[in-house]
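What follows is one structure encoded as structure tokens, with my remarks underneath.
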Amino acid sequence: MKRFLRDNGLSVAFGLLFVLALVGQALAGHADYNNQQLVDGGAKVSLWTFLTSSTFAVDVAENWQSEYLQFFLYIFATVWLVQRGSPESKPAEKIGTESDEEQLVGAHTTARSPKWARAGGWRTAVFSRSLCLTMAALFLLSWTAQAIAGWSAHNAEQLAQLADPLTLPQYVASADFWNRTLQNWQSEFLALGSMAVLSVYLRQRGSPESKPVGTPHDTTDATG
Amino acid sequence: MRHALVLAGLVTGAALLVGGCADQRAGQPVDTTNRFLTALADGDTTAACQLLAPTTSQSLTSDGEPCGDALAALALPTEPARDASVWSDRAQVHSDGDTLFLVDLADGWRIAAAGCTRAEEDTYDCALESG
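As structure tokens, this is what we get:
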């Protein structure tokens with residue numbers, strides 16, 4: 007158990023933080039929703055009713071989609087774009103998908119290479135892109151969930167304000183959908199850009215997200 | 086390709102779930118609306134007043150007039166309800182003569198607004214509403 011926690015500390019810690027934050031969001035969101043219900047002349051709901059509501063679903067989904075978009079774009083962009091001096095970037099001479107030798111595929115696999123890396127053909131082609139494909143799929147799934155849940159929640163607000171509900175195409179073109187989407191996207195892109203630049207000049211001793219403390223600023227792709 | 090089909094299935098399923106749930110729940114606000122309209126048509130304003138949302142009833146009687154008298158004075162259309170659109174705890178019901186808005190409270194669906202005519206940008210001005 008001790009060894010498991012040591013070897014998987016990062017995923018366990020962030021998994022716990024995610025659960026705690028989601029529980030906190032549920033409790034705060036429930037209180038906020040009921041306050042708004044009183045203002046709108048509606049009825050207070052139980053925590054379970056709120057957790058199964060479209061309001062909670064859209065509040066969760068709009069954050070998830072932007073996180074997966076962030077990772078999809080960053081993983082994909084760092085194949086082709088570089089940031090000189092950043093540990094988040096590879097050196098300019100390695101721009102692109104790199105050689106089979108560098109990527110340990112084709113004739114350069116080892117006995118311990120993953121099965122689909124050794125398989126060749128479409129399996130290796132898919133496995134070579136599996137991280138981006140998965141992040142993109144999770145982004146599309148959660149963005150779709152945001153659209154559908156947001157449509158339901160927005161239409162309930164429309165009716166409370168004595169206005170017509172929207173069709174799904176109308177909602178996807180609406181200010182509410184794009185406000186929710188873009189307010190999340192701007193923060194993700196800001197975080198990525200900040201990290202790419204700040205990591206050139208700043209250090210965190212011991213973190214693989216940072217260059218070693220004494221590494222020159224113009225050294226790229228070195229981790230601590 | 087398989088991932089795309091699974092995703093398409095999930096999206097379709099979610100949309101059907103949202104739409105299907107809305108259709109099944111449409112019966113309840115339509116029933117409440119028809120009870121309200123029937124009571125009005127029969128002159129039973131007491132029964133009609135009991136089907137109003139509390140905030141709407143308070144708004145109707147804010148100048149001291151009894152609910153039944155104030156409701157009768159509005160002369161609301163009483164054609165039966167035709168269809169309903171339900172979203173969460175809110176519903177919009179159409180009849181041939183009117184558009185009504187309902188809210189789902191602890192003791193069931195109640196009339197939040199009635200005698201509504203379309204104003205600008207898909208909003209409504211209502212003869213009977215809260216606030």
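Chains as they are written, first to last, in this note's numbering: chain H, 7 to 230; chain A, 86 to 216.
By construction, the Cβ of each residue, glycine as well, lies at the ideal position given by its N, Cα and C atoms.
Distance from the CA of Leu204 of chain H to the CA of Ser193 of chain H, rounded to the nearest whole angstrom, comes to 16 angstroms.
A straight line joining the alpha-carbon of Pro93 of chain H with that of Trp70 of chain H spans about 26 angstroms.
In terms of CA proximity to Gly182 of chain A, A:Ala166 leads the group A:Ala166, A:Trp194, A:Arg175 and A:Ile196.
Here Leu165 of chain H is not near Arg110 of chain A, since their CB atoms are 8 angstroms or more apart.
For Pro171 of chain H, the nearest CB of chain A lies under 8 angstroms from its own CB, placing it at the interface with that chain. Secondary structure note for Ser119 of chain H: it is in no beta strand (DSSP E), with a DSSP letter that is neither H nor E. Of the candidates H:Glu68, H:Leu75, H:Gly102 and H:Gly126, H:Gly102 places its Cα closest to the Cα of Thr84 of chain H. Rounded to the nearest angstrom, the Cβ distance from Thr141 of chain A to Leu213 of chain A is 6 angstroms, consistent with a contact under 8 angstroms. Contact of Gln135 of chain A with chain H is not assigned, every C-beta pair being separated by 8 angstroms or more. Leu198 of chain H and Gly193 of chain A have their C-alpha atoms roughly 49 angstroms apart.
Any Cβ of chain A closer than 8 angstroms to the Cβ of Gly48 of chain H would place that residue at the interface, and such an atom is present.
Counting along the chain, His179 of chain A sits inside the beta strand (DSSP E) bounded by residues Arg175 to Ser180.
Minimum Cα-Cα distance from Cys201 of chain A among the listed residues H:Ala98, H:Val132 and H:Asp170 corresponds to H:Asp170. In the structure shown, Asp46 of chain H adopts helical secondary structure according to DSSP, grouped into three states. Secondary structure note for Leu145 of chain A: it is in no beta strand (DSSP E), and the uninterrupted alpha helix (DSSP H) holding it is Pro139 to Leu145. Contact between Ser216 of chain H and Ser60 of chain H is ruled out by a C-beta separation of about 41 angstroms, above the 8 angstroms threshold. If you ignore the 5 residues before and after Ala67 of chain H, its C-beta comes within less than 7 angstroms of the C-beta of Ser148, Ala151, Gln152 and Ala155, all in its own chain and listed in chain order. In the three-state reduction of the DSSP assignment, Arg195 of chain A falls in the strand class, which pools E and B.
Around the CB of Val111 of chain H, 16 or more other CB atoms lie within 10 Å, so the residue is classed as buried. For Ala138 of chain A against Leu156 of chain A, the beta-carbon gap comes to about 13 angstroms, at or over 8 angstroms, which does not count as contact.
DSSP places Val115 of chain A in the helix class (H, G or I) of the three-state scheme. No Cβ-Cβ contact shorter than 8 angstroms links Glu164 of chain A with Ser144 of chain A.
With fewer than 16 other CB atoms across the displayed protein chains lying within 10 angstroms of its CB, His114 of chain H is exposed. Take Phe78 of chain H, set aside five residues on each side of it, and the residues of its chain with a beta-carbon closer than 7 angstroms to its own are Cys138, Met141, Ala142 and Phe145, in chain order. In this structure, Thr225 of chain H places its C-beta atom within 8 angstroms of the C-beta atom of Gly91 of chain H. Among the bridge pairs identified by DSSP, Cys138 of chain H is matched with none.
In this structure, Leu185 of chain A lies near Ala199 of chain A, with their beta-carbon atoms less than 8 angstroms apart.
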